[in-house]
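The next block holds one structure in the form of C-alpha cells; read it before the comments.
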C-alpha cells in the first residue's frame, strides 16, 4: 500500500505541475481550501478537551508532508509488542515445539501485527484530539493489550503450562473480536463525517465485521488443538482482501503520510529483532 501510494503521489504531483503550467494563477478556491483545513487543525489543538469533535483528514495529495513525530499512544503500543515478543520467544525456547505450536505462534504473531497495522494506518490518515476519540483509541489499545495477556505464560521456563489452554483461547478470541469492532467503529465515524472516507472505506469496514464473525466460534471453544488458529488465518485473509480492494489505484482520496508509515514499519522491525 505504501509503495502504491508513493507511485500515485508521484502521478498526482505531475498532474498538479502540468495544471500549474496551464493555469499560472492559483485559484482562490484552492487557497481557501488549504486555509480552512489548517484552521481546522489549529482549532482541534485548541479545543482538544472537547468531548466530541469531527474527524479531520491529516494528509492531502496537494499538501507537503512535513516530518511527524510518534505519539505516546504509538510508543505505548510498541511496549505491548515487546511483551508479545518475549512471550512467544519463551514459548518457542522452553516448550516442546511441534508443527501445531509453530503454527499457533505464527498465527498469534500475524494477528497482533495486523491489529497494530490497522490502527497505525487509521491514525496516519485521520486526526481527532477530542476526549471521545482518545477514550475510543485507548479502548482499542486495551484490546491489543489483553490479546497479548492471553498468550501463554511460559516464564516457568517450560515447567509450567505450555499447551494453549482453553481459557487463553477464549480470552484471545474475545479481545480479537472487540478489537475488530472498535476498528470498524473508527471507520464508520470517519465515513459519517468525511465524504472521501465514504468513497474509500465501506469494503474495509465490512471486512472487520466479517472477520469478527469468522472468529466467533472460538468464543465457545468449538475448535481445539490448533484448529482454532485456522479461523484467524481466514479472518486475516478477509481483512487483507478488504484492504486491497479499498486502496486500489485511483481510489486513494486520503493518502498516507509515507515517511511516517515507513518509520512505524521500521520501529516494529527493530522491536522484534
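Numbering (my numbering), first residue to last: 253 to 525. Backbone N, C-alpha and C fix where the C-beta goes; we use that ideal spot for every residue, glycine too. All values derive from a computational prediction rather than experimental measurement.
On a Cα-Cα basis, can you pick out the residue from the options that is closest to residue i?
i: residue 504; options: 373, 332, 471, 333; result: 373
i: residue 418; options: 470, 385, 456; result: 470
i: residue 385; options: 304, 350, 522, 523; result: 304
i: residue 499; options: 377, 340, 367; result: 377
i: residue 518; options: 369, 339, 346, 349; result: 369
i: residue 360; options: 393, 350, 340; result: 340
i: residue 393; options: 350, 514, 327; result: 327
i: residue 380; options: 446, 347, 346, 458; result: 446
i: residue 497; options: 468, 448, 454; result: 454
What are the partner residues of residue i, as DSSP defines its beta bridges?
i: residue 379; result: 308
Residue i and residue j: beta carbons closer than 9 Å?
i: residue 307; j: residue 441; result: yes
i: residue 494; j: residue 460; result: yes
i: residue 439; j: residue 456; result: yes
i: residue 403; j: residue 336; result: yes
i: residue 520; j: residue 365; result: yes
i: residue 528; j: residue 484; result: In this structure the chain extends from 253 to 525, so residue 528 is not present and cannot be described.
i: residue 473; j: residue 421; result: yes
i: residue 334; j: residue 344; result: no
i: residue 382; j: residue 487; result: no
i: residue 492; j: residue 452; result: no
i: residue 395; j: residue 367; result: yes
In chain order, what residues of the same chain have a beta carbon less than 6 Å from the beta carbon of residue i, not counting five sequence neighbours either side?
i: residue 516; result: 372
i: residue 466; result: 483, 486, 487
i: residue 349; result: none
i: residue 283; result: Residue placement at residue 283 is poorly supported in this model, since its pLDDT is 46, which falls under 50; the coordinates are not used for a value here.
i: residue 387; result: none
Apart from the five residues on each side of it in sequence, which residues of its chain come closer than 7 Å, Cβ to Cβ, to residue i?
i: residue 389; result: 325
i: residue 464; result: 429, 432, 433
i: residue 450; result: 443
i: residue 458; result: 494
Does the Cβ of residue i lie closer than 8 Å to at least one heavy atom of the ligand COA?
i: residue 308; result: In the structure on display, the ligand COA does not appear, and there are no ligands present to speak of.
For residue i, collect the residues of the same chain with a Cβ closer than 8 Å to its Cβ; drop the 5 residues on either side in sequence, then sort them by chain order.
i: residue 523; result: 330, 333, 334, 337
i: residue 281; result: Residue confidence for residue 281 is low, a pLDDT of 43 falling below 50, so the modelled location carries little weight; the figure read from the coordinates is stated next. Here the set comprises nothing.
i: residue 475; result: 469, 482, 483
i: residue 448; result: 309, 505, 506
inquiry  = Within 8 Å, do at least three Cβ pairs link the region 391–402 to the region 420–436?
reply    = Enough Cβ pairs lie closer than 8 Å, so yes.
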